[in-house]
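K.L.:
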Amino acid sequence: MFSVKRILKSLVHHLGYEIQALPGPGRYALFEEPERRDYEVLKSFAARATRFYTPNQADIIRALGLTLLRQGPQQNSYTRVEIGDEQTLSLGVWTRQAPGRQVPFIRDKKMRSEWFYWADHDRIEPKRTRWRVVLLGESVARGYFYDPQFNVASVLQRLLEAELGRGKIDVIDLAKTNLRMPELKTCIGQSLALAPDVLVIFAGNNWHPHLSDADIPYVESLVRRLGVPGVKAYLDEKRADFTRSLVDQTNQLLARRQVKLVWVIPDTNLRDWVDPTAIAPLLPDDGNKLWRQYDRQLSQASQTQDYAQVEKLAAQMLELDGGTSTVPLRFLAESAAARADVDAGRRY
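Each residue of the sequence shown is one higher than the one before, starting from 5 at the first, in this note's numbering.
1. Judging by CA-CA distance, which residue of Asp325, Glu129, Thr308 is the nearest neighbour of Lys293?
2. Can you give, in chain order, each stretch of the beta strand (DSSP E) that sits fully within the segment 134-160 and has at least 3 residues?
3. Is Arg146 buried or exposed, if buried means 16 or more other CB atoms sit within 10 Å of its CB?
4. Can you tell me whether Asp299 is buried or exposed? The criterion is at least 16 other CB atoms within 10 Å of its CB, across all chains shown.
5. Quick one: which unbroken beta strand (DSSP E) runs of 3-plus residues sit fully inside the segment 94-123? Chain order, please.
6. Might you give, ordered along the chain, the residues of its own chain that have their beta carbon closer than 7 Å to the beta carbon of Lys113, omitting 5 neighbours on each side?
7. Under the rule that 16 or more other beta-carbon atoms within 10 Å means buried, what is Ala179, buried or exposed?
8. Out of Ser225, Asn273, Ser249, which one is the CA nearest neighbour of Pro38?
9. At which residues does the beta strand (DSSP E) containing Tyr352 begin and terminate?
10. Could you pull out every unbroken beta strand (DSSP E) segment of at least 3 residues lying fully inside the segment 264-331, listed in chain order?
11. Just confirm the distance between the C-beta atoms of Thr330 and Pro233, as a whole number of angstroms; I'd bet it's less than 8 Å.
12. Determine which residues share a DSSP beta bridge with Thr83 and list them.
13. Return yes when at least one heavy atom of the ligand GDP lies under 8 Å from the C-beta of Leu294, else no.
14. From the DSSP output, in three-state form, read off Arg132 for me.
15. In whole angstroms, what separates the C-alpha of Ala244 from that of Gln309?
16. Quick one: what does DSSP say Arg170 is sitting in, helix, strand or coil?
17. Are the segment 264-273 and the segment 206-213 touching, with three or more C-beta to C-beta distances below 8 Å?
18. Count the C-beta pairs between the segment 128-146 and the segment 164-181 that are closer than 8 Å, then say yes if the count reaches three, no if not.
19. Please state if the CB of Pro285 and the CB of Gly231 are separated by a distance shorter than 9 Å.
20. Going by DSSP in three states, Arg127 sits in which element: helix, strand or coil?
21. Which partner residues of Val204 appear in the DSSP bridge assignment?
22. For Asn155, does the count of other Cβ atoms within 10 angstroms reach 16, so buried, or fall short, so exposed?
23. When the Cα atoms are used, what is the spatial distance from Thr281 to Arg334?
24. Quick one: using the 10 Å Cβ neighbour count with 16 as the cut-off for buried, is Ser382 buried or exposed?
25. Are the Cβ atoms of Val137 and Val97 separated by less than 9 Å?
26. Asp279: which of Leu265, Pro332, Ser158 sits nearest, CA to CA?
27. For Leu302 and Leu287, I'd like the C-alpha separation in whole angstroms.
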């Protein structure tokens, strides 16, 4: 006979969740991962899903729905992050052979396949200057295409030395190409082993939320009612939640250790980039038919340089597709450029 605990764990796993014990306090911090739940959506999805399951599976889904209703409107998961100190042995692709603040981190030959993504340094020495800055970030912070001849850390080092003097400060380059948000959290925690005075986080391009099994009930409902624009809005809200959580919790973690924090958000210039021509994705009702009609009219207005009509039609297309197509955005940008409206052109 199964215990209640095992039954609940099985039900939760069936929907794509996992139940794990939270680690106690100590050398680790818990980064909360926000999750939203709409119980009306969950119940509606469960009712539709039961039509495609065996009777036994349908009973599991109904039981799971009751379990979720009893858990309350919000139940977050957590990421366990090591707080770097003299006991820390691993930092990106660098490791040290023994604990201790005076022991350097050496680039690990066992991780040679990962070296390309990190700074081209064999060693990270213990802190020997008055001030230390640690740079974290993605490919833009790595100086992708220019590194190792030119990168952000080397420029930052020269600028700070010009202000404070040589030998007074060092910049540790922990930027990594393809760095994702979960790994960034790990790097933030472990970087404290280097005793930084300032942490600079140059990131944001890779903060794209991905759909998981737990998102299926919401996405299925959104596609039915709002088409792909509804899914985009859902992902935008999810990214905003995760970003807000990351910023707040990083600020709290570093403030307790008197480490100053600077966030740098990457900018983008798409002026000379044009996506392949494509129609809008699935839109609700007759949205796709109307969008294509506007698209034909928009092309004609652009050819005659009727920018007032271009902006009117592009705005209508944008309202229909919710920003899921680059076509109206490109026309709006070109119209802004023709009017020498730099701010609008940059925004689009």
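Glycine included, every Cβ here is placed at the ideal spot set by N, Cα and C.
P.N.:
With the given structure in hand:
1. Comparing alpha-carbon positions, the option among Asp325, Glu129, Thr308 lying closest to Lys293 turns out to be Asp325.
2. The segment 134-160 contains these whole beta strand (DSSP E) runs: 135-141.
3. Using a 10 angstroms sphere on the CB of Arg146, the tally of other CB atoms reaches 16 or more, which defines it as buried.
4. Around the beta-carbon of Asp299, 16 or more other beta-carbon atoms lie within 10 Å, marking it buried.
5. Given a length threshold of 3 residues, each whole run of the beta strand (DSSP E) inside the segment 94-123 is given here in chain order: 109-111.
6. Once the five neighbours on either side are set aside, Lys113 has no close Cβ partner at all.
7. Around the CB of Ala179, 16 or more other CB atoms lie within 10 Å, so the residue is classed as buried.
8. Answer by Cα proximity: Ser249.
9. First-last for Tyr352: undefined, no H or E at that position.
10. Counting only runs of 3 or more, we get 264-268.
11. The beta carbons of Thr330 and Pro233 sit about 14 Å from each other, so the pair does not count as a contact at 8 Å.
12. DSSP output for Thr83 lists Phe35 as bridge partner(s).
13. This structure does not include the ligand GDP; it has no bound ligands of any sort.
14. DSSP places Arg132 in coil when its eight states are reduced to three.
15. Distance between the alpha carbons of Ala244 and Gln309 is about 38 Å.
16. Note: Arg170 maps to coil in three-state DSSP.
17. With the cut-off at 8 Å, the segment 264-273 and the segment 206-213 touch.
18. In short, these stretches touch, since the Cβ pair count reaches three.
19. Cβ atoms of Gly231 and Pro285: closer than 9 Å.
20. Look at Arg127 here: in three-state DSSP terms it is strand.
21. Here Val204 is bridged, per DSSP, to Leu139, Val266.
22. With a threshold of 16 other beta carbon atoms within 10 Å, Asn155 meets it and is buried.
23. The C-alpha of Thr281 lies about 11 Å from the C-alpha of Arg334.
24. Lying before the first or after the last residue shown, residue 382 is absent from the chain, which here runs from 5 to 352.
25. Contact: no.
26. Answer by Cα proximity: Pro332.
27. The alpha-carbon of Leu302 is positioned some 19 Å away from that of Leu287.
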